[in-house]
Each structure stands twice: as structure tokens, then as C-alpha cells.
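Participant: Going by numbering that gives the first Met the number 0, the sequence shown opens with residue 0, and the numbers climb by one from there.
For every residue, glycine included, the Cβ atom is placed at its ideal position computed from N, Cα and C.
Quick caveat, the model's predicted, so the values are computed rather than measured.
Starting off with a structure, shown below.
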Amino acid sequence: MAKRWLDPNNDGKTEDGIDGYRLDVAEKLPLGFLREFRKEVRAVNPEALIIGEIWWKKWPEELLAPNAYLQGDVFDCIMNYRWYRPARHFFADAPDTMKPSEFVRILKEKMQGIDTSRLQAMMNLIDSHDAPRVSTSLYNNGKYKYQAKPTENPDYKIDKPDNHTRKIQKMLLIHQYTYIG
0 MAKRWLDPNN DGKTEDGIDG YRLDVAEKLP LGFLREFRKE VRAVNPEALI IGEIWWKKWP
60 EELLAPNAYL QGDVFDCIMN YRWYRPARHF FADAPDTMKP SEFVRILKEK MQGIDTSRLQ
120 AMMNLIDSHD APRVSTSLYN NGKYKYQAKP TENPDYKIDK PDNHTRKIQK MLLIHQYTYI
180 G
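See the structure below:
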């Protein structure tokens, strides 16, 4: 499978193939399989990027620590949802709003044990097809992804976000653009 998309016409040249893979919900796959997948990909294209999506350890409270996936034998980087969750709660008027010192402590804690080169490649995503859009998420300031739909929460707001929400969104985006990753 890896070779099919990296070198579509099987001529040994990867210029006409994809530049890498993003594996969705990758924590559901065994680490042994992911290591073998990386070997196969790198055998075809040593420069191919391999991104993993690592989600929940315990829904909706705890995101899985990605350290086992970022030792150089599985992924080059991951979708860094563990950055967004505290960033959202720091900038938004979320139920568990925190002080700046606590925010810095949490971010440092989440980076522990991960090589700087991997941190610099992290995908610090604020929304996607898997999560509410940032404006909606900030406007509806409950738990991240929990009761984040009108069908799950009767108080869910679906109108245009207010100016306060837009200001928070801008601060969060500035943080995203200037943070490591």
C-alpha cells in the first residue's frame, strides 16, 4: 500500500507520488504495525513525512500522550490536540480557565520527553472535520468536543459569534502562529 501512492508508476522515482501520510486515529493501530509501515514508506521515499493522529486515552477527560509515537521509529510528528485543549481553555472563558503560570506549566509538561525536532514539526491544529470550528468552540465554551453539537446540548449557540469571541479567536490564532510546532 505505501509504495502504491509514493511511487504510483513504479519507476523508482517518487516525484510523481505523494509526499507522505497522515494516519487517522493512529493509536488504534499496533505500534509494531506502525513501525513496519514507517520502514516500508522510508524504503520507497526516505524523505516522506509521516503524521499520526493520536486522540483519547479516556474520553472526554484525557488525551493520549504521544511520546511512544515520537521516538523516531513511528511518526515524524502528530496532530497536536494536546496543545489546543489547554490553549483553548486559557484564552476562552471556559469552565476551567487558568492563570498564565498554570498555562505555561501545562504546556511545558506536555512537551516533556519529546525531542525538539519533533516539537518543531507538531501540527498545532485548532479545528478540523473531527472537532467544532474554532469560532463555534469558543462561542460555546464548554468542554472540548464534549456536548459540542446542537443535538447534544440544548443551549448550544448556532448564531454568529459575538465580538468577544472574535477577540479570543484572534489571541488564540496569534498563540498558534508563534508557538513551537
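Between which residues of its own chain and ILE105 is the CB-CB distance below 8 Å, once the five residues before and five after are set aside?
Facilitator: For this step, residue 105 is matched to residue 106 along the sequence shown. Once the five neighbours on either side are set aside, the close Cβ partners of ILE105 are PRO85 and MET97.
Participant: Count the other C-beta atoms from every protein chain shown that fall within 10 angstroms of the C-beta of TYR20, then say buried if there are 16 or more, exposed otherwise.
Facilitator: Looking up residue 20 in the sequence shown gives position 21. Per the 10 Å Cβ criterion, buried.
Participant: In three-state terms, what does DSSP make of ARG84?
Facilitator: Working through the sequence shown from its first residue, we reach residue 84 at position 85. In the structure shown, ARG84 sits in a helix (DSSP, three-state: H, G or I).
Participant: Does DSSP classify ARG132 as helix, strand or coil?
Facilitator: Numbered from its first residue, the sequence shown carries residue 132 at position 133. Coil, per DSSP.
Participant: Which residues bound the alpha helix (DSSP H) around ILE105?
Facilitator: Residue mapping note: residue 105 aligns to position 106 of the sequence shown, counting from 1. Looking at the DSSP string, the run of the alpha helix (DSSP H) that includes ILE105 is 99–110.
Participant: Go ahead and pull the three-state DSSP assignment for GLY51.
Facilitator: Here residue 51 refers to the residue found at position 52 when the sequence shown is read from its first residue. The answer is strand: DSSP assigns GLY51 an E or B state.
Participant: Please classify MET121: is it buried, with 16 or more other beta-carbons within 10 angstroms of its beta-carbon, or exposed?
Facilitator: The residue labelled residue 121 in the question sits at position 122 within the sequence shown. Classification of MET121: buried, given that the 10 Å Cβ count is 16 or more.
Participant: Answer yes or no: do ASP75 and ARG34 have a C-beta to C-beta separation smaller than 7 Å?
Facilitator: On the sequence shown, residue 75 is found 76 positions in, with the first residue counted as 1. On the sequence shown, residue 34 is found 35 positions in, with the first residue counted as 1. Inclusion of ASP75 and ARG34 in the CB contact set at 7 Å is not warranted, their separation being larger than that value.
Participant: Using the Cα positions of GLU52 and VAL103, report the straight-line distance between them to the nearest angstrom.
Facilitator: Taking the sequence shown and counting its residues from 1, one reaches residue 52 at position 53. Taking the sequence shown and counting its residues from 1, one reaches residue 103 at position 104. Each residue's Cα considered, the two are about 24 Å apart.
Participant: Counting Cβ pairs, one atom from each stretch, are 3 or more of them under 8 Å apart for the segment 165–175 and the segment 129–149?
Facilitator: yes
Participant: Note down, in chain order, each residue of its chain lying with its Cβ closer than 6 Å to the Cβ of GLY112, except the 5 sequence neighbours on either side.
Facilitator: Within the sequence shown, the letter at position 113 stands for residue 112. Around GLY112: ASN66.
Participant: Starting from GLY19, follow the beta strand (DSSP E) in both directions and report where the run begins and ends.
Facilitator: For the purposes of this step, residue 19 is taken as the residue at position 20 of the sequence shown. Start and end: 19–22.
Participant: Residues in the same chain with beta-carbon distance under 7 Å from PHE36, minus the five sequence neighbours each way, listed in chain order, please.
Facilitator: For the purposes of this step, residue 36 is taken as residue 37 along the sequence shown, with counting starting at 1. Excluding residues within five positions, the ones whose Cβ falls inside 7 Å are ALA1.
Participant: Tell me whether ALA42 is buried or exposed, calling it buried when 16 or more other Cβ atoms sit within 10 Å of its Cβ.
Facilitator: As a working mapping, residue 42 is identified with position 43 in the sequence shown. Counting Cβ neighbours within 10 Å, ALA42 comes out exposed, since fewer than 16 surround it.
Participant: Leaving aside the five residues before and after ASP15 along the sequence, list all residues of the same chain whose C-beta is less than 8 Å from its C-beta, in chain order.
Facilitator: On the sequence shown, residue 15 is found 16 positions in, with the first residue counted as 1. ASP6, PRO7 and ASN8, listed in sequence order.
Participant: Quick one: Cα of PRO29 to Cα of TYR68, how far?
Facilitator: In the sequence shown, residue 29 corresponds to position 30, counting from 1. In the sequence shown, residue 68 corresponds to position 69, counting from 1. Pairing PRO29 with TYR68, the inter-Cα distance amounts to about 11 Å.
Participant: Less than 8 Å between the CB atoms is what I'm expecting for GLN175 and ASN139, so what's the real figure, rounded?
Facilitator: As a position in the sequence shown, residue 175 is number 176, starting the count at 1. As a position in the sequence shown, residue 139 is number 140, starting the count at 1. That belief does not hold up - the Cβ atoms of GLN175 and ASN139 are roughly 19 Å apart, past 8 Å.
Participant: Could you tell me the alpha carbon to alpha carbon distance between GLY181 and ARG3, rounded to whole angstroms?
Facilitator: The question about residue 181 has no answer, for the chain in this structure spans 0 to 180.
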